[in-house]
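Step one of this worksheet: look at the structure below.
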Amino acid sequence: MRSVLIAAGFSLILSILLTPLAIRAFRRQGLGQEIRDDGPESHLSKKGTPTMGGTVIVGATVGGYVAAHLFLSDQDNWGFTATGLMLLFLMVGMGTVGFLDDYLKIRHRRSLGLNKTAKLVGQLVVGVAFAVLAINFPDSRGVTPASTVVSYVRDIAPFALGSVAFVILAYLFIAGFSNAVNLTDGLDGLAAGSSAMVFASYIFISFWQFTHDCATEAIDGCYTVRDPLDVTLVAAAGLGACLGFLWWNTSPARIFMGDTGSLALGGLLSGLAIVTRTELLLVVLGGLFVAVTLSVVIQVAFFRATRRRVFRMAPLHHHFELAGWTENTVIVRFWLVTAMAVAFGIGLFYADWLNFVGL
1 MRSVLIAAGF
11 SLILSILLTP
21 LAIRAFRRQG
31 LGQEIRDDGP
41 ESHLSKKGTP
51 TMGGTVIVGA
61 TVGGYVAAHL
71 FLSDQDNWGF
81 TATGLMLLFL
91 MVGMGTVGFL
101 DDYLKIRHRR
111 SLGLNKTAKL
121 VGQLVVGVAF
131 AVLAINFPDS
141 RGVTPASTVV
151 SYVRDIAPFA
161 LGSVAFVILA
171 YLFIAGFSNA
181 VNLTDGLDGL
191 AAGSSAMVFA
201 SYIFISFWQF
211 THDCATEAID
221 GCYTVRDPLD
231 VTLVAAAGLG
241 ACLGFLWWNT
251 SPARIFMGDT
261 GSLALGGLLS
271 GLAIVTRTEL
281 LLVVLGGLFV
291 AVTLSVVIQV
301 AFFRATRRRV
311 FRMAPLHHHF
321 ELAGWTENTV
331 IVRFWLVTAM
341 AVAFGIGLFY
351 ADWLNFVGL
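Counting along the sequence shown from 1, when you hit position 330 you're at 330 in full-length UniProt numbering, and nothing is skipped either side.
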């Protein structure tokens with residue numbers, strides 16, 4: 001448990017201390033956010049706010065994970081694991097795609113960066129690389145970081161996939177959630193606060209799997225996963241990084257995470273779901289991200305079919321802004337929705353375990 005606290009605490013401190021340095025550095029370089037012309041008028045005042053703050057989130061997450069290992073270097077089995085390194089690879093890779101997108105927005109002084117094809121290709125390369133690596137590197141028991149079986153709160157045996165089908169599905173899952181967090185990142189602190197709550201749920205889930213690992217405790221309801229404690233460290237580091245960044249990103253934001261942060265966070269969340277065998281459960285835990293994405297899909301599909309709109313504006317949070325809610329009201333209420341989704345998801349996870357042990 002000490003390692004988990006070190007990972008979360010160190011990344012929190014790094015994020016809090018490095019973010020103001022990033023704000024000053026980005027201001028000097030003129031790295032300010034461009035605002036979409038068709039967005040809410042209240043957002044026009046945010047133009048020029050430093051962006052690409054996601055670089056701090058990614059750096060603090062990696063730093064917290066490394067620090068947890070270095071502080072415990074005198075203990076047995078303290079080294080980095082394949083699962084932990086793959087999760088960080090996914091986060092850094094997706095963050096790099098987002099960084100390129102943010103950079104092009106700033107360079108060309110417009111709210112659009114990489115075109116859709118280029119962004120999808122970048123996500124394809126990173127997502128497929130992660131998926132291929134994750135079904136390799138078995139441990140002494142033959143357990144790989146990821147399973148080729150579709151999972152809910154554990155693998156669903158009838159839904160076994162081949163390696164090729166798994167890689168395709170994993171890519172779609174990773175790209176879908178990274179874009180979902182990206183769409184949610186439209187209000188000060190909304191994506192960072194919501195992501196922090198989902199990371200907290202994965203600290204619980206992965207640590208519970210660690211304490212009920214079939215490798216050490218072969219009982220009914222145990223979990224066949226690889227490196228669950230290291231997964232906990234990554235989730236804890238992600239939580240600390242989001243909370244530290246939120247200190248400066250809460251309304252009125254002094255810095256935005258940009259696509260650098262939102263794609264990185266979405267990628268890491270999807271990676272955590274894959275390695276903990278809780279892919280479908282993430283749809284519940286990240287229910288806000290799913291709802292925001294569906295609002296965009298519904299808006300676009302309905303408009304193309306009827307030339308009419310379902311929402312005043314998509315994504316969903318802008319609809320409520322135009323309905324008269326203040327920005328802070330939308331943020332807090334959406335955080336509450338995320339908290340309820342996380343509580344419900346953890347309840348489903350725990351109920352599954354109770355079912356196995358007959359309680």
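Where is the CB? At the ideal position from N, CA and C, for every residue including glycine.
Exposed or buried, which one is residue i when buried takes at least 16 other CB atoms within 10 Å?
i           : result
residue 366 : Here the chain comprises residues numbered 1 to 359, so residue 366 is not present and cannot be evaluated.
Asn249      : buried
Glu321      : buried
Gly186      : buried
Met340      : exposed
Met1        : exposed
His108      : exposed
Leu70       : exposed
Glu217      : exposed
Pro158      : exposed
Arg226      : buried
Lys116      : exposed
Leu5        : exposed
Val121      : exposed
Pro50       : buried
Thr184      : buried
Ala305      : exposed
Could you tell me the boundaries of the alpha helix (DSSP H) in which residue i lies?
i      : result
Val66  : 54-71
Ala196 : 190-211
Pro158 : Note, Pro158: premise wrong, no alpha helix (DSSP H); beta strand (DSSP E) at 155-160.
Gly176 : 163-184
Leu233 : 228-249
Trp353 : 327-357
Leu288 : 287-306
Ile19  : In the sequence as presented, Ile is not what sits at residue 19; that position holds Thr. 2-29 is the span of the alpha helix (DSSP H), which, as asked, contains Thr19.
Phe141 : It should be pointed out that residue 141 corresponds to Arg in this sequence rather than to Phe. Taken as a continuous stretch (DSSP letters only), Arg141 belongs to no alpha helix (DSSP H), as it is neither H nor E.
Asp259 : 258-275
Gly93  : 82-108
Glu321 : 316-322
Gly221 : From DSSP, Gly221 is part of no alpha helix (DSSP H); its letter is neither H nor E.
Val121 : 116-134
Please say whether residue j and residue i have beta carbons closer to each other than 8 Å?
i      : j      : result
Gly53  : Phe256 : yes
Gly127 : Trp335 : no
Trp60  : Leu18  : Here residue 60 turns out to be Ala, not Trp, going by the sequence shown. Against a cut-off of 8 Å, the Cβ pair of Leu18 and Ala60 comes out as a contact.
Leu114 : Asp101 : yes
Ser195 : Val181 : yes
Leu161 : Thr144 : no
Val292 : Leu316 : yes
Ala191 : Leu268 : no
Ser251 : Gly189 : yes
Ala22  : Val56  : yes
Asp213 : Gly98  : no
Ser270 : Leu282 : yes
Ordered along the chain, which non-local residues of its own chain (more than five positions away) have a Cβ less than 8 Å from that of residue i?
i      : result
Ala343 : none
Gly165 : This sequence places Ala at residue 165; Gly is not what is there. Within the same chain, Ala165 has close Cβ partners Thr148.
Phe302 : Arg308, Arg309, Val310
What span of residues does the beta strand (DSSP E) with residue i cover, start to end?
i      : result
Ser151 : 149-151
Got a sec? Which residues, its chain only, sit under 7 Å from residue i by beta carbon, not counting five neighbours each side?
i      : result
Gly63  : Phe10, Ser11, Leu14
Tyr171 : Leu124, Gly127, Val128, Ala131
Val284 : Ala341, Phe344, Gly345, Leu348
Ser206 : Pro228, Val231, Thr232, Ala235, Thr276
Tyr65  : Ala7, Gly84, Leu88, Leu233, Val234, Ala237
Could you name the residues of the same chain whose beta carbon sits closer than 6 Å to that of residue i, not counting the 5 residues immediately before and after it, in chain order?
i      : result
Val357 : Asp220, Gly221
Thr338 : Ser194, Met197, Leu288
Asp352 : Val153
Measure how close the beta-carbons of residue i and residue j come, nearest whole angstrom, since I'm counting them as under 8 Å.
i      : j      : result
Ala7   : Ala82  : In fact, because the Cβ distance is near 18 Å, the residues do not count as touching under 8 Å.
Ser151 : Glu279 : 5 Å
Phe199 : Leu246 : Actually they do not touch by this definition, with Cβ atoms about 12 Å apart.
Val310 : Ile298 : 6 Å
Ala118 : Ile135 : At roughly 27 Å, the Cβ-Cβ gap does not stay under 8 Å, so Ala118 and Ile135 are not in contact.
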